[in-house]
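Peer 1:
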Amino acid sequence: EQPPTDAEEEEIKKWEEDKEKRITDEKEETLNSSKRIGAKMYVHGKNFIKAGNNLVLKFTLDTKSAEVHPIFKNSEKLAFEVPDMGEEFEVGLHTVTVEASVNGQNFTSNGQTFQWNQIDRNMSEEELKKLMEAEEKAKGKGGKK
1 EQPPTDAEEE
11 EIKKWEEDKE
21 KRITDEKEET
31 LNSSKRIGAK
41 MYVHGKNFIK
51 AGNNLVLKFT
61 LDTKSAEVHP
71 IFKNSEKLAF
81 EVPDMGEEFE
91 VGLHTVTVEA
101 SVNGQNFTSN
111 GQTFQWNQID
121 RNMSEEELKK
131 LMEAEEKAKG
141 KGGKK
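Under UniProt numbering, the first residue of the sequence shown is numbered 1, with each subsequent residue one higher.
1. Note the first and the last residue of the continuous beta strand (DSSP E) segment covering Asn117.
2. Measuring straight from C-alpha to C-alpha, what distance separates Val56 and Val96?
3. Is Val98 closer than 8 Å to Ile119 when the C-beta atoms are compared?
4. Grab the span of the beta strand (DSSP E) containing Ser65 for me, first residue to last.
5. Using the Cβ count rule (16 or more neighbours within 10 Å means buried), how would you classify Met132?
6. In this structure, does DSSP put Lys50 in helix, strand or coil?
7. CA-CA distance, Asp84 and Gln105?
8. Give the single residue among Asp62, Phe72, Ser109 and Gln2 whose Cα lies nearest to the Cα of Ile49.
9. What residue range is occupied by the uninterrupted beta strand (DSSP E) comprising Leu93?
10. Going by alpha carbons, who is nearest to His44 out of Glu87, Phe114 and Glu16?
11. Round the Cβ separation of Pro70 and Leu78 to the nearest angstrom and send it over; I've been treating them as touching at under 8 Å.
12. With Val82 and Ala39 assumed to form a contact (beta carbons below 8 Å), what rounded beta-carbon distance in angstroms separates them?
13. Who are the near neighbours of Gly86 in its chain, counting only those whose CB is closer than 7 Å to its CB and skipping five residues on each side?
Given below as structure tokens:
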């Protein structure tokens with residue numbers, strides 16, 4: 001087998017750098033943007049194992065918690081939808097703690113958090129769509145946080 005040419009090595013290096021940038025951007029987006037119920041997110045970490053339905057993420061806000069079964073992507077990434085944390089929380093941003101378990105019993109205690117956006121549940125679909133469009137427009141003008 002022939003060793004890679006300089007051009008091939010350069011292409012491999014560029015691909016790896018692009019991959020690292022995508023991972024970094026994804027992690028930054030997860031940490032720095034607010035999420036609402038149903039938003040799709042990733043948890044980044046190390047040594048995740050494929051544990052089927054035994055794999056659980058627990059989200060805690062004050063004394064209330066919700067659990068979801070994430071989708072195993074790879075040993076460093078899990079995908080999930082932000083769960084409903086209940087109606088009792090005020091509209092606005094809240095800090096939610098997320099922990100992982102491979103057996104649904106014993107959870108990590110890393111204290112990883114993200115910003116969760118409680119929206120007014122009485123908003124119509126049209127009002128919610130306008131709110132989301134305004135947030136996206138503001139994000140585009142103000143750049144990343």
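Glycine included, every Cβ here is placed at the ideal spot set by N, Cα and C.
Peer 2: Reading off the structure:
1. Gln112 to Gln118
2. 16 Å
3. no
4. Lys64 to Val68
5. exposed
6. coil
7. 21 Å
8. Phe72
9. Gly92 to Ser101
10. Phe114
11. 4 Å
12. 5 Å
13. Lys64
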